[in-house]
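Here the structure is laid out as structure tokens; the discussion comes afterwards.
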Amino acid sequence: MSTQQRAGSFWKYVLLVAGREYGENVRTKGFIIGLLFFPLMLWAGIRVPQFLADKATPTRYYVVVDRSNDLGEVVRAHVGMQEARRVEIEKKKWMDKTLALPEAKRKPFVEPKARWVEVPLPSEAANLDADGLKAALRPYLVGDKKLDVAGKPSELFALVTLPEDFAKRKAGAEFWSINLADDDLKDEVEAGLERELRRREFVAKGMQPDEVKRISDIEVKVEAKNPKKAEGDQEVKTEDRIRQWAPAGFVYLLFVGIMTVAQMLLNNTVEEKSNRIVEVLLSSVTSTELMTGKLVGIAGVGFTMFASWFTTGAIVLRLSFGPEVDSVARMIFTVIFTPQFIGAFAIYFTMAYLLYASVFLAIGAMCNTLKDAQNFMGPVVMVMMVPVLTMMFIPKDPNGTLATVLSWVP
Numbered sequence: 002m003s004t005q006q007r008a009g010s011f012w013k014y015v016l017l018v019a020g021r022e023y024g025e026n027v028r029t030k031g032f033i034i035g036l037l038f039f040p041l042m043l044w045a046g047i048r049v050p051q052f053l054a055d056k057a058t059p060t061r062y063y064v065v066v067d068r069s070n071d072l073g074e075v076v077r078a079h080v081g082m083q084e085a086r087r088v089e090i091e092k093k094k095w096m097d098k099t100l101a102l103p104e105a106k107r108k109p110f111v112e113p114k115a116r117w118v119e120v121p122l123p124s125e126a127a128n129l130d131a132d133g134l135k136a137a138l139r140p141y142l143v144g145d146k147k148l149d150v151a152g153k154p155s156e157l158f159a160l161v162t163l164p165e166d167f168a169k170r171k172a173g174a175e176f177w178s179i180n181l182a183d184d185d186l187k188d189e190v191e192a193g194l195e196r197e198l199r200r201r202e203f204v205a206k207g208m209q210p211d212e213v214k215r216i217s218d219i220e221v222k223v224e225a226k227n228p229k230k231a232e233g234d235q236e237v238k239t240e241d242r243i244r245q246w247a248p249a250g251f252v253y254l255l256f257v258g259i260m261t262v263a264q265m266l267l268n269n270t271v272e273e274k275s276n277r278i279v280e281v282l283l284s285s286v287t288s289t290e291l292m293t294g295k296l297v298g299i300a301g302v303g304f305t306m307f308a309s310w311f312t313t314g315a316i317v318l319r320l321s322f323g324p325e326v327d328s329v330a331r332m333i334f335t336v337i338f339t340p341q342f343i344g345a346f347a348i349y350f351t352m353a354y355l356l357y358a359s360v361f362l363a364i365g366a367m368c369n370t371l372k373d374a375q376n377f378m379g380p381v382v383m384v385m386m387v388p389v390l391t392m393m394f395i396p397k398d399p400n401g402t403l404a405t406v407l408s409w410v411p
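For the sequence shown, the numbering used here begins at 2 and goes up steadily by one.
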């Protein structure tokens, strides 16, 4: 048999094995369910955070005890201003969404529920000194007692106390709460007090209130420019920043994809070996043809999986593009779904797959059970984790030594 005939026969059997491997995997229920589940997860990833931000965050009830006589009003005014600003933002989103619809389909604006609401002191806590007040409110703060707000039992989120000499000492204010994760209200209280105390200091130095406000409202914006961009279009836009950070997302996607298909290849190899199916296959093809066919077949499964992910991702993002969707989502779509990124992703997936799948295939050939194979997988997975652990540093120094070295490792 000539060299050309042997080569043709080799690829004939490789493609036969690859077709069998591909068909067995893509026809499984788990693979099909996984493909159908991805768009649902993508949609949930877009909508669920919006829902949680709008609906799941409860209204926080707080109490302000002002012994300074006037700074309590400053806190109330500042928190109220932030609430009004949030309502205006939601109203703008509603207008953008509603004006794009026919008049018959326009829904009325529903004001979002307040995020922070001040409530009066419970009757048993009125007219108490500082220590007595804290002792009386402790059961409310820890959840043992509930406030009666509009006839409904509600939790007291925080207690803000302002001492009598706070304006002089600039210290002594306290924020009592058992929620250590949500500091937004505390931050707003601090911001309101800081702004007012600065204003008073300026006025005490002889400045007029309107002049103080003008100076306090000064904002400085430094425009970022990119010298690599064309003349006249050198301003750094959101799309540029997304493009800079997009590889980090692709690294994670590559890791998930490679782990999925390589694990699939390992399981199939060990299963066929333990069930002696491989002996039947080797009676018809050589070991090289069998292993190469497995690599090609599972590679096809991987490309099918990624093609489905990108296609359904594009569809979901397109369908989500209504006026209510943040423009950043639109920018992400236009930046990611480009030949530059998709082509580079396909090349890196192919190289990474051939590298790691060959290793997993060798592990499967050496082991008779999955338990034995798992002992060899640890070091390989640790190597695969290196790009995931370093991916957040690469965009900050894309031409550095670390990025250059890792770019040569699939």
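Ideal Cβ positions, reconstructed from N, Cα and C, are used throughout, including at glycine.
Boundaries of the beta strand (DSSP E) around residue 67: 61-67. Residue nearest to residue 177 within the set 246, 143 and 153 is 143 (criterion: CA-CA distance). Cβ contact annotation for residue 351 (same chain, cutoff 8 Å, sequence separation greater than five): 300, in chain order.
Secondary structure of residue 175 (DSSP, three-state): strand. Secondary structure at residue 340: helix, using DSSP grouped into helix, strand and coil. The criterion of a C-beta distance shorter than 8 Å is satisfied by residue 159 and residue 61. Per the Cβ contact rule, the segment 17-37 is in contact with the segment 298-316 (3 or more Cβ pairs under 8 Å). In this chain, the alpha helix (DSSP H) harbouring residue 406 covers 402-408. For residue 370, the CB contacts under 8 Å within the same chain, skipping 5 residues up- and downstream, are 271 and 275 in chain order.
DSSP lists no beta-bridge partner residue for residue 224.
When 182, 76 and 262 are compared, the shortest CA-CA separation from residue 118 is found for 76. Annotated as proximal: residue 112 and residue 88, with beta-carbon spacing under 8 Å.
Straight across, the Cα-Cα distance linking residue 208 with residue 104 is about 52 Å.
Per the coordinates, the alpha-carbon of residue 149 lies some 11 Å from the alpha-carbon of residue 141. Buried is the label assigned to residue 269, since at least 16 other Cβ atoms lie within 10 Å of its Cβ. Assignment of residue 266 by DSSP, reduced to helix, strand and coil, places it in the helix class. Take the alpha-carbon of residue 23 and the one of residue 244: they are about 34 Å apart.
Of the candidates 12, 18, 11 and 10, 18 places its Cα closest to the Cα of residue 278.
The three-state reading of DSSP puts residue 289 in helix, counting H, G and I together.
Apart from the 5 residues on each side of it in sequence, residue 266 sits with its Cβ closer than 8 Å to the Cβ of 295, 296, 299, 358, 361, 362 and 365 in its chain, given in chain order.
Nearest Cα to residue 165 within the set 225, 83, 68 and 179: 68.
Counting C-beta pairs with one atom in each stretch, the segment 392-399 and the segment 246-257 have three or more that are closer than 8 Å, which means they touch. Out of 53, 185 and 131, the CA that lies nearest to the CA of residue 63 is found in 185. Distances from the alpha-carbon of residue 174 to those of 78, 182, 162 and 235 put 162 closest. The shortest C-alpha to C-alpha distance from residue 15 to any of 293, 343 and 399 is the one to 293. For the 8 Å CB-CB criterion, residue 155 and residue 146 do not form a contact. Residue 409 and residue 356 have their C-alpha atoms roughly 12 Å apart. Residue 231 and residue 241 have their C-alpha atoms spaced approximately 13 Å apart.
When C-alpha distances from residue 256 are compared across 385, 398 and 51, the shortest belongs to 385.
Out of 342, 211 and 206, the CA that lies nearest to the CA of residue 311 is found in 342.
With at least 16 other beta carbons inside 10 angstroms of its own, residue 258 counts as buried. Looking at the backbone, the Cα of residue 10 and that of residue 397 are separated by about 50 Å.
Contact between residue 51 and residue 189 does not hold, since their C-beta atoms are separated by about 22 Å, which reaches or exceeds 8 Å.
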